[in-house]
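Right, one structure below, let's go through it.
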Amino acid sequence: MSARARPVVAIDGPAGTGKSTVARRVAAGLGFTLVDTGAIYRCAALAAVRAGLALDDTPRARQALGELAAALRISFRPGPEGQRVFLGPDEVTLELRSPAMSQAASRVSALPEVRAALLALQRGLGQDGGVVLEGRDIGTVVFPDAEVKVFLTASAEVRARRRHAELLARGLQVSLEDTLREQAERDRRDEGRAVAPLKAAADAVVIDTGPLSLDEVVARVLALAREVRR
Ligand code: DC
1 MSARARPVVA
11 IDGPAGTGKS
21 TVARRVAAGL
31 GFTLVDTGAI
41 YRCAALAAVR
51 AGLALDDTPR
61 ARQALGELAA
71 ALRISFRPGP
81 EGQRVFLGPD
91 EVTLELRSPA
101 MSQAASRVSA
111 LPEVRAALLA
121 LQRGLGQDGG
131 VVLEGRDIGT
141 VVFPDAEVKV
151 FLTASAEVRA
161 RRRHAELLAR
171 GLQVSLEDTL
181 REQAERDRRD
191 EGRAVAPLKA
201 AADAVVIDTG
211 PLSLDEVVAR
221 VLALAREVRR
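Per the working numbering: the sequence shown = residues 1 to 230.
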């Protein structure tokens, strides 16, 4: 048993599984705080690009990126369409979501120095429980003792179609082909990295979201969370 009064809910999985929406609705349903850890890696990437740092896997670049990640000042505030993200005083919510930032975040997140710097931040945000953390390695690394662990999956095709629709809805003109290619590249990097690769924890409940509606996925995760709260 953990010493937390309220549970930690870990929701992991690749992009395009509906993870962000599911996490947001589960957090609202439970009255828990939501922590989008992908946004934290995206902030590290954006800060690095703004600082003109190379996103290379060289000892020098890694050290500089690790130091930058350790000094990041990130804050979340509730907004009408989910959370607003701030880097220092600047709102960066929209800037974080571009395809370029997706790739940059995937690159910096492969570096052990960056992951180590952001680990403490994520643990601090979740330590008291009553929180839903959404990411890639929450159930395996950040909170291996999370009371609820869910891993969302779907086929590459289903995920790319969802992501493509999402990007178009945001007014970004990208082809399905490019979305699929970038997704494959990101999956390969996220799954293949040496530190905290994307994979389901041995004790995670794996949910294939392909054949399910969003409502059904949310209902399943809420049921799991309510089970442990009894
Ligand atoms: O969930 P997202 O697409 O916003 O995440 C952006 C990148 O950040 C993703 O390609 C991998 C990385 N990431 C990670 O390595 N670990 C996490 N817990 C969350 C995101």
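We put the beta carbon where it would ideally sit given N, CA and C, even for glycine. Keep in mind that this is a model prediction, so the values were computed, not measured.
Could you compute how far the alpha carbon of residue 211 sits from the alpha carbon of residue 217?
Going by the C-alpha atoms only, they are around 10 Å apart.
My assumption, with CB atoms under 8 Å, is that residue 35 sits in contact with residue 122. Please give the rounded CB distance.
Their Cβ separation, rounded to whole angstroms, is 7 Å, which keeps residue 35 and residue 122 in contact under 8 Å.
What does the alpha-carbon distance come out to for the pair residue 73 and residue 40?
Looking at the two C-alpha atoms, the distance is approximately 10 Å.
How should residue 63 be labelled, buried or exposed, when 16 other C-beta atoms within 10 angstroms of its C-beta is the threshold for buried?
Exposed, because fewer than 16 other Cβ atoms sit within 10 Å of the Cβ of residue 63.
Please give the ranges of any beta strand (DSSP E) in the stretch 20-93, keeping only runs that are unbroken, at least 3 residues long and fully inside the region.
DSSP runs (the beta strand (DSSP E)) wholly in the stretch 20-93: 33-36, 74-79, 82-87.
Distance, Cα to Cα, residue 160 vs residue 180?
Looking at the two C-alpha atoms, the distance is approximately 5 Å.
Within 7 Å: the Cβ of residue 138 and any heavy atom of the ligand DC?
Because some heavy atom of the ligand DC lies under 7 Å away, the Cβ of residue 138 counts as near it: yes.
Just verifying my parser: in three-state terms, what is the DSSP assignment at residue 153?
The answer is strand: DSSP assigns residue 153 an E or B state.
Rounding to the nearest angstrom, what Cα-Cα distance links residue 57 and residue 113 in this structure?
When rounded, the distance between both Cα atoms is 10 Å.
Can you say whether residue 136 is buried or exposed, counting buried as having 16 or more other CB atoms within 10 angstroms of its CB?
Result: buried.
Drop a sphere of 10 angstroms on the beta-carbon of residue 106, count the other beta-carbons inside from all chains shown, and report buried for 16 or more, exposed for fewer.
Burial call: buried.
For residue 37, which option in 115, 146, 208, 157 has the closest C-alpha, if you only look at C-alpha atoms?
Per the Cα distances, 115.
Considering residue 8, what are the terminal residues of the beta strand (DSSP E) in which it resides?
Note, residue 8: beta strand (DSSP E), 8-12.
Taking the alpha carbon of residue 163 as the point to measure from, which residue in 178, 149, 83, 151 has its own alpha carbon closest?
Ranking 178, 149, 83, 151 by Cα distance to residue 163 puts 178 first.
May I ask you to verify whether the stretch 11-19 touches the stretch 147-156, counting CB pairs closer than 8 Å and requiring at least 3?
Yes: the two stretches touch, three or more of their Cβ pairs being nearer than 8 Å.
Tell whether a beta-carbon distance below 8 Å holds between residue 225 and residue 7.
In this structure, residue 7 lies closer than 8 Å to residue 225 by Cβ.
Whole angstroms are fine: how far does the CA of residue 125 sit from the CA of residue 4?
Going from the Cα of residue 4 to the Cα of residue 125 covers about 13 Å.
When you compare the CB positions of residue 20 and residue 134, do they come within less than 8 Å of one another, or not?
Yes, they are a contact pair.
Answer yes or no: the CB of residue 98 versus the heavy atoms of the ligand DC, is any distance below 7 Å?
Not under cutoff, so the answer is no.
I think residue 94 touches residue 46, with their Cβ atoms under 8 Å apart; what is that distance to the nearest whole Å?
In fact, because the Cβ distance is near 11 Å, the residues do not count as touching under 8 Å.
Is any heavy atom of the ligand DC found at a distance shorter than 7 Å from the C-beta of residue 135?
Residue 135: yes, Cβ under 7 Å from the ligand DC.
With DSSP collapsed to three states, give me the class of residue 135.
DSSP places residue 135 in strand when its eight states are reduced to three.
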